[in-house]
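Numbering (full-length UniProt numbering), first residue to last: 1 to 305.
In this text, a Cβ means the ideal position worked out from N, Cα and C, and glycines have one as well.
Comments concern the structure below.
Right, dumping it as structure tokens:
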């Protein structure tokens, strides 16, 4: 059978599949299958204080896409470490684990990173940059290359664990943002986060989400994600965790060809709670069928016309 083991900074994975942050909470869906079937586990994003989320309805499901405005619902970093992350870490000592953080200021990000790093419960840190910067009038951190470099740079000065910058697709040039994260010292990148969108109910003439606009994900965003993964692959030397509309082992191969070295599964879990595990199980046979002996040999090997 083909080799599907991958190695990224801080993450020695038996397969390249992990859940995208938020879609498995803090391990709340572990009843669906054994988490050890995953290559790594990514916790739901935490903030300095508890977050209650956005007004209902928070999720709208269409045939080929999902739109959400859940917000960063979480118990706050201290409670998350004590009652969520630490217990799951003790149950799965050999499973690579990633914490995801989001703040309203650079200081928030640094404080979160230090607390989680000192707790010693994770192997790597994902920095969710799709959050409003209060000091800059609410502008998202992830759309300004200078601020991205500052956030990553200040975190890297304080912690020793690998840091992955999670990039928003809602920018003109994602390669520029990726290079800024690299300049700040990022060990890896994860992309894409959701595409900002709006859906309207023609009967009520109102948005379908309680918070009006929200993040678009699912099969419809996959071509956008593939393009951006390849652009970032060409622009940086950093390993990429690709995400955006992955529903099958075939989709995983596409992302590797575009330049990813691992993948995260998100919206597919709305259709099948076992999606990530099934995709990981299907990979070896698919690679055998394609005549591929090692999944790592596929990275960036798309052949353009």
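Only residues of its own chain outside the window of five on either side were considered, and among them 206, 207, 208 have a CB closer than 8 Å to the CB of residue 200, listed in chain order. Per DSSP, reduced to three states, the secondary structure at residue 247 is coil, with no helix or strand assignment. Following the DSSP letters along the chain, one finds residue 126 inside the beta strand (DSSP E) bounded by residues 124-128. In the three-state reduction of the DSSP assignment, residue 280 falls in the helix class.
Under the criterion of beta carbons closer than 8 Å, residue 149 and residue 95 do not qualify as touching, at roughly 31 Å. Linking residue 142 to residue 129 through their CA atoms gives a straight-line distance of about 5 Å. Proximity of the segment 76-83 to the segment 115-131 meets the contact definition, three or more beta-carbon pairs being nearer than 8 Å. Measuring C-alpha to C-alpha distances from residue 180 to each of 169, 193, 196, 144 identifies 144 as the nearest. Cβ-Cβ distances below 8 Å link residue 103 to 47, 48, 109, 111, 112, 131 in the same chain, with the five nearest sequence neighbours on each side left out; the list follows chain order. Of the residues 211, 302, 146, 172, the one whose Cα lies closest to the Cα of residue 257 is 302. Per the Cβ contact rule, the segment 272-281 is not in contact with the segment 226-233 (fewer than 3 Cβ pairs under 8 Å). DSSP, read as helix, strand or coil, puts residue 83 in helix.
Ranking 223, 198, 242 by CA distance to the CA of residue 58 puts 198 first. Secondary structure at residue 14: coil, using DSSP grouped into helix, strand and coil. Every beta strand (DSSP E) stretch that sits fully inside the segment 14-84 and reaches 3 residues is listed by chain position as 17-19, 59-61, 66-68. Between residue 184 and residue 159 a beta carbon distance of about 13 Å is seen, past the 8 Å cut, so the two are scored as non-contacting. Looking only at 60, 28, 154, 56, the smallest Cα-Cα distance to residue 216 is reached by 60.
By the 16-neighbour rule on beta-carbons within 10 angstroms, residue 4 is buried. Residue 2 is a Cβ neighbour of residue 292, given a cutoff of 8 Å. Using a Cβ distance threshold of 8 Å, residue 187 and residue 223 do not count as a contacting pair. Checking the DSSP bridge columns, you'll see residue 272 has no partner listed. In summary, residue 255 is buried, with 16 or more beta-carbon neighbours lying within 10 Å of its beta-carbon over all protein chains present. Leaving aside the five residues that flank residue 50 on each side, the residues in its chain whose CB is nearer than 8 Å to its CB run, in chain order, 74, 75, 76, 79. When DSSP states are grouped into helix, strand and coil, residue 219 belongs to the helix group. Around the beta-carbon of residue 218, 16 or more other beta-carbon atoms lie within 10 Å, marking it buried.
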